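Residue numbers (this note's numbering): 1 to 269.
Beta carbons are placed, not taken as given, at the ideal position from N, Cα and C, and that holds for glycine.
Please read these numbers as outputs of a predicted model, since none were measured by experiment.
Encoded as structure tokens, the structure appears first; notes follow it.
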């Protein structure tokens with residue numbers, strides 16, 4: 001009787017161990033498959049150097065304006081880096097200055113991409129043959145139908161605008177060949193494929209700036225110049241959420257920086 005019971009227990013334990021082994025193997029296999037299929041493998045964040053503004057101010061000897069522009073450039077860049085560093089976890093993030101855009105378009109990454117702490121990004125998960133990454137920058141998106149996966153080459157937009165600029169600061173942007181389409185959709189995070197073609201965007205309208213500012217969590221990532229149309233409002237968190245949701249495509253959407261249901265409570269605080 002005792003021997004029979006021990007035999008049964010041994011058989012049960014054997015079955016449990018075999019089941020767990022199969023489950024662990026299956027879980028590992030699924031995890032590996034997920035990692036292999038993960039898209040994007042990396043996000044490249046384009047940072048604004050304000051190179052054109054700095055060049056124009058220097059040429060015109062507008063030294064007071066020059067210092068303001070340089071300060072704006074440092075602040076807007078640091079806020080964007082902080083936003084992605086703190087709120088984006090889906091995949092590795094690398095940064096580059098907009099003056100190096102042509103190199104990035106040609107997939108020249110060495111010596112161009114850097115980490116959030118400004119150190120060179122050496123151990124990259126992408127290389128000069130990779131296509132499975134996205135490039136994002138903050139600016140004016142091109143009007144794009146929700147059914148379109150990519151904006152046609154004939155559609156052009158711009159990152160910089162002369163709106164409210166002084167007369168001496170009429171700048172032609174050459175860092176992205178992007179010109180304003182005239183759409184009143186506001187600014188936001190523009191999402192591009194490896195060819196630097198817009199595939200989607202997350203945006204806000206100008207009147208929604210206040211809503212962003214009311215959200216305490218967002219304040220440290222916001223920068224709005226007092227003199228020029230230089231700004232950054234945080235979008236890293238919502239992009240991260242959309243990628244985690246594993247949607248087939250990142251849908252174009254208006255993002256006011258706070259869930260609508262919570263807006264009433266914030267306004268009443």
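First through last residue of the beta strand (DSSP E) which encompasses residue i
i: residue 200; result: 198-203
i: residue 189; result: 188-192
Counted within 10 angstroms of its Cβ, other Cβ atoms place residue i as buried (16 or more) or exposed
i: residue 63; result: exposed
i: residue 142; result: buried
i: residue 187; result: buried
i: residue 36; result: With a pLDDT of only 49 at residue 36, under the threshold of 50, the placement of this residue in the model should not be trusted; the figure read from the coordinates follows. Exposed, since its Cβ has fewer than 16 Cβ neighbours within 10 Å.
i: residue 211; result: buried
i: residue 184; result: Note that residue 184 scores 43 on pLDDT, short of 50, meaning its location in the model is unreliable; the coordinates nonetheless yield the value given after this. Under this definition residue 184 is an exposed residue.
i: residue 199; result: buried
i: residue 72; result: buried
i: residue 83; result: buried
i: residue 53; result: buried
i: residue 204; result: buried
Opposing strand residues paired with residue i [DSSP bridges]
i: residue 232; result: 223
i: residue 253; result: 202
i: residue 97; result: 47
i: residue 42; result: 133
i: residue 120; result: 114
Inter-residue spacing [alpha-carbon to alpha-carbon] between residue i and residue j
i: residue 224; j: residue 67; result: 16 Å
i: residue 94; j: residue 119; result: 10 Å
i: residue 216; j: residue 48; result: 25 Å
i: residue 51; j: residue 189; result: 20 Å
i: residue 46; j: residue 136; result: 6 Å
i: residue 194; j: residue 76; result: 24 Å
i: residue 228; j: residue 69; result: 8 Å
i: residue 79; j: residue 206; result: 19 Å
i: residue 241; j: residue 202; result: 12 Å
i: residue 38; j: residue 139; result: 27 Å
i: residue 197; j: residue 191; result: 8 Å
i: residue 112; j: residue 213; result: 33 Å
i: residue 208; j: residue 125; result: 36 Å
i: residue 249; j: residue 226; result: 36 Å
i: residue 245; j: residue 230; result: 31 Å
i: residue 42; j: residue 243; result: 12 Å
i: residue 221; j: residue 233; result: 7 Å
i: residue 173; j: residue 91; result: Interpretation of residue 173 is limited by its pLDDT of 36, a score under 50 that renders its predicted location unreliable; the figure taken from the coordinates is listed afterwards. Rounded to whole angstroms, residue 173 to residue 91 spans 31 Å at the Cα level.
i: residue 114; j: residue 44; result: 10 Å
Residue range of the alpha helix (DSSP H) that includes residue i
i: residue 138; result: Here residue 138 belongs to no alpha helix (DSSP H); instead the beta strand (DSSP E) covers 133-139.
i: residue 78; result: 63-87
C-beta neighbour in chain B for residue i, strict 8 Å
i: residue 76; result: Of the protein chains in the structure, only one exists, and it is not chain B.
Does the structure place the stretch 96-113 close enough to the stretch 53-63 that three or more beta carbon pairs sit under 8 Å?
Taking a cut-off of 8 Å on C-beta distances, the stretch 53-63 does not touch the stretch 96-113, as fewer than three cross pairs fall below it.
How about the stretch 112-132 and the stretch 80-97: do they share at least three Cβ pairs that are nearer than 8 Å?
yes
Evaluate the contact criterion for the stretch 78-88 versus the stretch 237-251: three or more CB pairs, one atom per stretch, below 8 Å.
yes
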